[in-house]
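Everything in the sequence shown is counted per my numbering, starting at 1135 for the first residue and increasing by one.
Report on the structure given below.
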Amino acid sequence: MIETVHVDLPGRAYDVHIGPGLVSEAGAHILPLLNRPKVAVVTDETVAALHLDALRAGLAREGIEMTALALPAGEATKSWEPLERTVGWLLDQKVERGDVVVAFGGGVIGDLAGFAAAILRRGVRFVQIPTSLLAQVDSSVGGKTGINAAQGKNLIGAFHQPSLVLADIDVLGSLTARDFLAGYGEVVKYGLLGDLAFFEWLEENGPTLAVGNQQARCEAVRRSVQMKADIVIRDETEQGDRALLNLGHTFGHALEAATGYSDRLLHGEGVAIGCAMAFELSSRMGLCSQESPSRVRAHLKAMGMKTDLRDIPGELPDAAGLLDLMGQDKKVMQGTLHFILARGLGEAFVTSDVAAGDVLTVLEDALRGR
Ligand code: GLY
């Protein structure tokens, strides 16, 4: 059964369809958007090997022709050279202003292809077909597109909303357990930031969902996307509430930077550990009870996820070094770090009213536990 979340942005509204079989039905969903039966697909080599034939067949079923560019998989693809290659390729394919580009892959491909679509001929429409859990629940919805700079992640980009998102739950079956659980870090984030009932549902259903229960996966993606859509509708360009989606990211980004954005720590793993630390900091500041961070950690552990700094292999900087890395985060405004803290599970808020000493103590305690 297909679920639909409508992202009701004035003038740029679109649907996110969630469910099984959407890749093979892609043609039927995309056809109404097309001026001519032809699309340009940007993907990566891993996704292409696994799923591109199914997409080609799904489009051909409705008479849609496709050409595809498969870029190397991995974060390094979110940079200038692959962007230049993608835009050049789209121009070579004679993609016109009225055509549609399809982003078929995880967060890297969605961000890169979305940005290429945003700047090609001053903006062409694009469709997201996210293939990772992280991309289905977070990056494919909401219109953030872009690439990384030498100075930091996601520093070059544009808000460019997709015209349609197809989140095919079947595709999640080809993810490694580690990649699936990293994406699940973002799912937990939604419960923790604004919906205690969803977090409690995850405590109950998370384990069955992790081993492949399709219905539970569909429900988890639907509820996550609904929360994201509600927030994006309120604050598309992150002037306020959208920052809530960065729960766990200030600590998480520092840990990602400390591990060189390498295989030692995936983005979603950093977010999960970061969520536990954000609740620890909230508890230390007297905003929520000590039970809250304990319950966050208990759920992450029950899911077999990275939970504490001791779960990150190799050396880490000391607390001052990590605090310094937090200062490089793009959520610094006028020199002040913005944190997402919580008054309880499901009750996050944005604040800059955090003493560096409290953050240092949380980091020192966490490092001592290693
Ligand atoms: N991933 C955070 C956002 O879309 O705002």
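Yeah, the Cβ is synthetic: ideal placement off N, Cα and C, and Gly gets one too.
Simplified DSSP assignment, three categories, for residue i
i            : result
residue 1505 : This structure cannot speak to residue 1505, because the chain is shown only from 1135 to 1504.
residue 1272 : helix
residue 1440 : coil
residue 1318 : helix
residue 1496 : helix
residue 1244 : helix
residue 1253 : helix
residue 1446 : coil
residue 1174 : strand
residue 1161 : helix
residue 1470 : strand
residue 1239 : strand
residue 1234 : strand
residue 1153 : strand
residue 1371 : coil
residue 1221 : helix
residue 1267 : helix
residue 1489 : coil
residue 1343 : helix
residue 1479 : coil
residue 1168 : coil
N-terminal and C-terminal residue of the alpha helix (DSSP H) that residue i is part of
i            : result
residue 1210 : It is not in any alpha helix (DSSP H) - residue 1210 carries neither H nor E in the DSSP assignment.
residue 1262 : No alpha helix (DSSP H) contains residue 1262, which is instead part of the beta strand (DSSP E) from 1259–1264.
residue 1191 : 1179–1194
residue 1364 : 1348–1368
residue 1453 : 1453–1461
With 16 other Cβ atoms within 10 Å as the buried cut-off, status of residue i
i            : result
residue 1154 : buried
residue 1199 : exposed
residue 1363 : buried
residue 1169 : exposed
residue 1426 : buried
residue 1270 : buried
residue 1233 : buried
residue 1447 : exposed
residue 1345 : exposed
residue 1244 : buried
residue 1323 : buried
residue 1278 : buried
residue 1486 : exposed
residue 1310 : exposed
residue 1371 : exposed
residue 1140 : exposed
residue 1215 : exposed
residue 1250 : buried
residue 1225 : exposed
residue 1295 : buried
residue 1373 : exposed
residue 1320 : buried
Element boundaries [beta strand (DSSP E), containing residue i]
i            : result
residue 1138 : 1137–1141
residue 1475 : 1473–1476
residue 1147 : First-last for residue 1147: undefined, no H or E at that position.
residue 1482 : 1482–1485
Can you check the stretch 1381–1437 for any alpha helix (DSSP H) of at least 4 residues that lies completely inside it and give the ranges in chain order? 1383–1392, 1401–1418, 1425–1436
Runs of 3 residues minimum, wholly inside the stretch 1273–1338: which ones carry the beta strand (DSSP E) assignment? 1278–1283, 1286–1293, 1298–1302
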